[in-house]
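Undergrad: For reference, the structure I am asking about is given below.
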Amino acid sequence: MTLTAPPRTPPGVAPAPAPARRRRISTSGTASRTLISAVDLQRHRKLYFTVLGLTLLVFTLVFLFPLYWMVTGAVKSPAEFARSTPTFIPESWHPETYATAWTNMRIAKYFTNTVFYATGGWLISLLVDVGVAYALSKLKPIFGKVVLGLMLASLMLPAAALLVPAYKTVVDVPLFHVNLLNTPWALWLPAAANAFNVYVLKRFFDQIPDDLLDAASIDGAGKLRQLWSIILPLSRPVLGVTSIFIIVAMWKDFLWPLLVLQDPESQTLSVALARLSNTSQVPPTEFMAGLAIASLPMIVVFLIFQRSIIGGLSAGSMKG
Amino acid sequence: MAVLSAAKVRRKISDNLLAYAFMAAGLACFAFFSWYPLVKGVILSFQQDNFVVPPYWVGLDNYKALFDDPLFYTAWKNTLLFTGLALVFGFVLPFFIAVLLNEFRHFSGYFRVLVYLPVMLPPIVAVLLWKYFYDPGNGLFNTVLRGVGLPESQWTQSSGTAMISLVLVSTWANLGGATLMYLAALQGIPGELYEAAELDGASIWQRLRHVTLPQMRFIMLVLLLLQIIATMQVFIEPYALTGTSNPDTITVMVLVYRYAFTVNNDFGLAAAMSVLLFVVLGAFSALYLRLTRSGD
Chain A
675 MTLTAPPRTP PGVAPAPAPA RRRRISTSGT ASRTLISAVD LQRHRKLYFT VLGLTLLVFT
735 LVFLFPLYWM VTGAVKSPAE FARSTPTFIP ESWHPETYAT AWTNMRIAKY FTNTVFYATG
795 GWLISLLVDV GVAYALSKLK PIFGKVVLGL MLASLMLPAA ALLVPAYKTV VDVPLFHVNL
855 LNTPWALWLP AAANAFNVYV LKRFFDQIPD DLLDAASIDG AGKLRQLWSI ILPLSRPVLG
915 VTSIFIIVAM WKDFLWPLLV LQDPESQTLS VALARLSNTS QVPPTEFMAG LAIASLPMIV
975 VFLIFQRSII GGLSAGSMKG
Chain B
292 MAVLSAAKVR RKISDNLLAY AFMAAGLACF AFFSWYPLVK GVILSFQQDN FVVPPYWVGL
352 DNYKALFDDP LFYTAWKNTL LFTGLALVFG FVLPFFIAVL LNEFRHFSGY FRVLVYLPVM
412 LPPIVAVLLW KYFYDPGNGL FNTVLRGVGL PESQWTQSSG TAMISLVLVS TWANLGGATL
472 MYLAALQGIP GELYEAAELD GASIWQRLRH VTLPQMRFIM LVLLLLQIIA TMQVFIEPYA
532 LTGTSNPDTI TVMVLVYRYA FTVNNDFGLA AAMSVLLFVV LGAFSALYLR LTRSGD
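Quick note, the sequences are listed as chains A and B, same order. The numbering used here numbers the first residue of the first sequence as 675 and each following residue consecutively. The numbering used here numbers the first residue of the second sequence as 292 and each following residue consecutively.
Below, the structure written as structure tokens:
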């Protein structure tokens, strides 16, 4: 946006400046008109840049500085970390703390566990939810509406309300009488029962014209083939966004894994960090390294897919 | 029905069987981990179940025991306090942040990434990191307070400030989501409305009050409900910062956890508490779903 002084428009002469203003906004190439007009912003550009600068400073301090503190805290020596007047730029430099944490705190083990749970949970959720969404959207079986209604009703259940009975179910699955505690299935199967994913996928499949499927059917493609060769390739955007949200949710989950993964060998990074924070065996610098390692994958995912994540969030906020 | 030939009926049956084959895994997951636990939870709340003896029916004893437990009232009081304080910060703040960011013509991508960054952290990481900041000795917050000559605080370790400390970290970690949703909604407001209001001589404040606010009413209501539902289930913050036995911060979910998994091993009691929470939150959830799905 250019910062040349705007053409002064005499107040009170409404019809004349209107086209000029409209032209200015369209040529400036920025987003549409907001609370404060482009003209006003330019007239008070000193104030605008002061507020912008202050906001930049405060927001960077509030939202980024804690992460900076975490990452640099890990490379300080334990003595420097414990000092009563903290150093903002580390004086001692021990990047090997990350390696120590990786082996000593057995972060490697918990990291691998978490990656395994997230990947498996992603595959299983997608497989299960795509199957349901495809059947409900394109095969339209009898009682399909009832099934969808029952699934959506589960969205009304706060996760917390199901905690105790779901735990009991995992300990002794009805009919099968198996105990899923400390196994990946305790995370994967409940995660697959996600009505929100089913709903989002079904809404997308609904928009794919049936004619495409009919044409394929005439060419001899079965239902599975139609799903694999027509629906799924066309649904790449929604599959991508759903995948990101499943993986992020699995990585961030805490309370449920805390309950069903009590054996330290099977724990996720989040649960293990919470457990280790209650023991005094871990030096704080190593613990900082552990926190940073646990955050890194999510931050990388966010920076790569920020468009999809922010877009999905905005879309999700609108009328469903 | 009589017009349908036998072949057509057979066709219909096989189509339906195929459709249900596609849904079989999903139906099983929902049945075992969503629908069954709901019923099981209600049944459990009327039973005595502690893993030692097989569960047996005790009628309303669990609910009576709840109402006799002083912690029950403490937990509800704390939960309502947390939800209330979280609304003051977490509901009002993102709105004003979004309005502010929406006016900036520079760095808009950077601001968006910035406010959402803490939301991407695993919640336990955010909370454990802030535990170091809250340290009454050499924690960052007290160091800064000392530096500018303000009185230090005991943060999570004093009953006066414990709850507000939990709310602060929770707000930091979560406000990005609401902010981005507000930003998206702000961008949907037609510019002509502001244009017209300005021509009528409305000041910035009046435009905010009479144009922005009415246009945002729907999304604000949705986020209000979502936030109430989320914050009433608060668990990680008290669990990791103040522990499960601190009466200053014990919340409904912490009490459920205590009943079932730490102190009592009493699943019936925990289930009864969950049922009460469900009844309270169910009303908010139903309203939320009605609002967001009224289109179809």
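All residues carry an ideal CB built from backbone N, CA and C; glycine is no exception. In this text, all values refer to a predicted model and were calculated from it rather than measured experimentally.
By the DSSP assignment, the alpha helix (DSSP H) with B:W326 in it spans what residues?
TA: Neither: B:W326 is in no alpha helix (DSSP H) and is coded neither H nor E.
Undergrad: Skipping 5 residues on each side, what residues in its chain have a beta carbon closer than 6 Å to that of B:A453?
TA: Excluding positions up to five away in sequence, the list reads T447, T533, D539 and T540.
Undergrad: With a Cβ-Cβ cutoff of 8 Å, do B:F321 and A:M825 count as a contact?
TA: Yes, the pair counts as a contact, with Cβ atoms nearer than the cut-off.
Undergrad: Under 8 Å by Cβ, that's how I've got B:P529 and B:L457 pegged, so tell me the actual separation to the nearest angstrom.
TA: Confirmed, about 6 Å.
Undergrad: Anything in the stretch 829-845 of chain A with a Cβ closer than 9 Å to a Cβ of chain B? List those residues in chain order, please.
TA: Residues L829, M830, L831, P832, A833, A834, A835, L836, L837, V838, P839, A840, Y841, K842, T843, V844 and V845.
Undergrad: So if I threshold CB-CB distances at 9 Å, which residues from the stretch 412-426 of chain B count as touching chain A?
TA: Flagged, chain order: L412, P413, P414, I415, V416, A417, V418, L419, L420, W421, K422, Y423 and F424.
Undergrad: If you check the beta carbons only, do B:L572 and B:I495 fall under 8 Å apart?
TA: No.
Undergrad: Tell me the rounded alpha-carbon separation between A:V749 and A:M972.
TA: A:V749 and A:M972: Cα-Cα distance of roughly 21 Å.
Undergrad: Using a cut-off of 9 Å between C-beta atoms, extract the partners of A:I973 located in chain B.
TA: Chain B residues near A:I973: L408, M411 and L412.
Undergrad: Start and end of the alpha helix (DSSP H) containing A:Y722?
TA: R719 to F733 is the extent of the alpha helix (DSSP H) around A:Y722.
Undergrad: Helix, strand or coil for A:Q881, going by three-state DSSP, please let me know.
TA: Coil at A:Q881, not helix or strand.
Undergrad: So the alpha helix (DSSP H) A:E765 belongs to, where does it begin and stop?
TA: Where A:E765 is concerned, there is no enclosing alpha helix (DSSP H), given that its DSSP letter is neither H nor E.
Undergrad: Out of curiosity, what's the CA-to-CA distance linking B:Y342 and A:Y772?
TA: In the sequence on display, residue 342 of chain B carries Phe and not Tyr. Roughly 42 Å between the two C-alpha positions.
Undergrad: Grouping DSSP H, G and I as helix and E and B as strand, with all else coil, what is A:Q900?
TA: In this structure, A:Q900 counts as helix in the three-state DSSP scheme.
Undergrad: Closest Cβ-Cβ distance between B:P361 and chain A: below 8 Å?
TA: By this cut-off, B:P361 is not an interface position.
Undergrad: Are B:L372 and B:L466 touching if we call contact CB-CB under 8 Å?
TA: No, Cβ-Cβ distance for B:L372 and B:L466 is not below 8 Å.
Undergrad: Establish whether the CB of A:P740 and some CB of chain B are separated by less than 8 Å.
TA: Yes, A:P740 lies at the interface with chain B (some Cβ there is under 8 Å from its Cβ).
Undergrad: Quick one: what's got a C-beta closer than 6 Å to B:N556's C-beta in the same chain, skipping five residues either side?
TA: For B:N556, where only same-chain residues beyond five positions count, the Cβ hits under 6 Å are N341.
Undergrad: What are the uninterrupted segments assigned as alpha helix (DSSP H) that are 4 or more residues long and contained completely in the stretch 815-898 of chain A, given in chain order?
TA: Complete alpha helix (DSSP H) runs here, min 4: 818-827, 833-845, 859-866, 869-880 and 884-892.
Undergrad: So A:E754 is in the alpha helix (DSSP H); what residue range does that whole segment cover?
TA: P752 to F755 is the span of the alpha helix (DSSP H), which, as asked, contains A:E754.
Undergrad: Please confirm if B:K331 has its CB atom under 8 Å from at least one CB of chain A.
TA: B:K331 counts as touching chain A.
Undergrad: According to the neighbour-count rule (16 or more other Cβ atoms, all chains shown, within 10 Å of its Cβ), is A:S909 buried or exposed?
TA: Flag for A:S909 reads buried.
Undergrad: What does B:G573 reach in chain A if we use C-beta pairs closer than 7 Å?
TA: M830, listed in chain order.
Undergrad: Are the CB atoms of A:Q980 and B:V410 nearer to each other than 8 Å?
TA: Contact: no.
Undergrad: Would you report the Cα separation of B:L351 and B:L436, rounded to the nearest angstrom?
TA: Going by the C-alpha atoms only, they are around 52 Å apart.
Undergrad: Taking B:H397 as the query, report the chain A residues whose CB atoms sit under 7 Å from its CB, ordered along the chain.
TA: Within chain A, the residues near B:H397 are L726.
Undergrad: Any C-beta of chain A within less than 7 Å: which residues of the stretch 478-500 of chain B qualify?
TA: Result list: Q478, G482, Y485, E486, E489, L490, I495, R498 and L499.
Undergrad: Contact defined as beta carbons within less than 8 Å: I believe A:A775 pairs with A:E939. What is the distance between those atoms, to the nearest angstrom?
TA: A:A775 to A:E939, Cβ: 18 Å. No contact.
Undergrad: By DSSP's criteria, B:W348 is part of a beta bridge. Which residues make up the other side?
TA: B:W348 is bridged to B:Q338.
Undergrad: Can the beta-carbon of A:T670 be found less than 8 Å from the beta-carbon of A:W930?
TA: Any question about residue 670 of chain A goes unanswered here, given that chain A covers just 675 to 994.
Undergrad: Compare the C-alpha of A:H768 against each of A:T746, A:D880 and A:K783 and name the closest.
TA: It is A:T746.
Undergrad: Can you list the residues of chain B that A:Y784 reaches, using a CB-CB cut of under 7 Å?
TA: The premise fails here: A:Y784 is roughly 12 Å from chain B at the closest Cβ pair, so nothing lies under 7 Å.
Undergrad: Residues in the same chain with beta-carbon distance under 8 Å from B:L357, minus the five sequence neighbours each way, listed in chain order, please.
TA: So the qualifying residues of the chain are F363, L560, A563, M564 and L567.
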